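*Asks:* Take the sequence shown: its letters are residues 2 to 66, numbered as in the numbering used here.
Every residue gets a Cβ at the ideal spot worked out from N, C-alpha and C, and that includes glycine.
All values derive from a computational prediction rather than experimental measurement.
The structure is given below, and queries will be raised subsequently.
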Amino acid sequence: MRKLLLPKSFENRLGLFLKKHPDAEKRVESVFDLLRKNLNDPLLKTHKLSGKLKKLWACSLGYEY
Numbered sequence: 002m003r004k005l006l007l008p009k010s011f012e013n014r015l016g017l018f019l020k021k022h023p024d025a026e027k028r029v030e031s032v033f034d035l036l037r038k039n040l041n042d043p044l045l046k047t048h049k050l051s052g053k054l055k056k057l058w059a060c061s062l063g064y065e066y
């Protein structure tokens, strides 16, 4: 299983996001679990970013977020 390395800036923004959307906490945990198990799981909708962030990938937390 993979280990996720989360920058401090991401953790801070995640904390702010979860304060606004406390109902999303379980969904965030499930997305992190899926990322650890299978980066290409269709539920994550992983995709490569472009421009300045072209070396990075993104995934989906859900349609509403």
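Quick one: grab the DSSP three-state call for K56.
*Replies:* Indexing the sequence shown from 1 puts residue 56 at position 55. Here K56 sits in coil by DSSP.
*Asks:* Looking at the strands, I want to know which residues DSSP matches up with H48.
*Replies:* Here residue 48 is taken as the residue at index 47 of the sequence shown, counted from 1. Paired residue(s): A59.
*Asks:* Anyone know if the C-beta pair for G52 and R28 falls short of 7 Å?
*Replies:* Reading the sequence shown from its first residue, position 51 is the one you call residue 52. Reading the sequence shown from its first residue, position 27 is the one you call residue 28. No.
*Asks:* Less than 7 Å between the C-beta atoms of S31 and K46, yes or no?
*Replies:* In the sequence shown, residue 31 corresponds to position 30, counting from 1. In the sequence shown, residue 46 corresponds to position 45, counting from 1. No, these two residues do not count as a Cβ contact at 7 Å.
*Asks:* To the nearest angstrom, how far is the alpha carbon of L15 from that of E65?
*Replies:* To locate residue 15, count along the sequence shown from 1; it is residue 14. To locate residue 65, count along the sequence shown from 1; it is residue 64. The straight-line gap from Cα to Cα measures roughly 16 Å.
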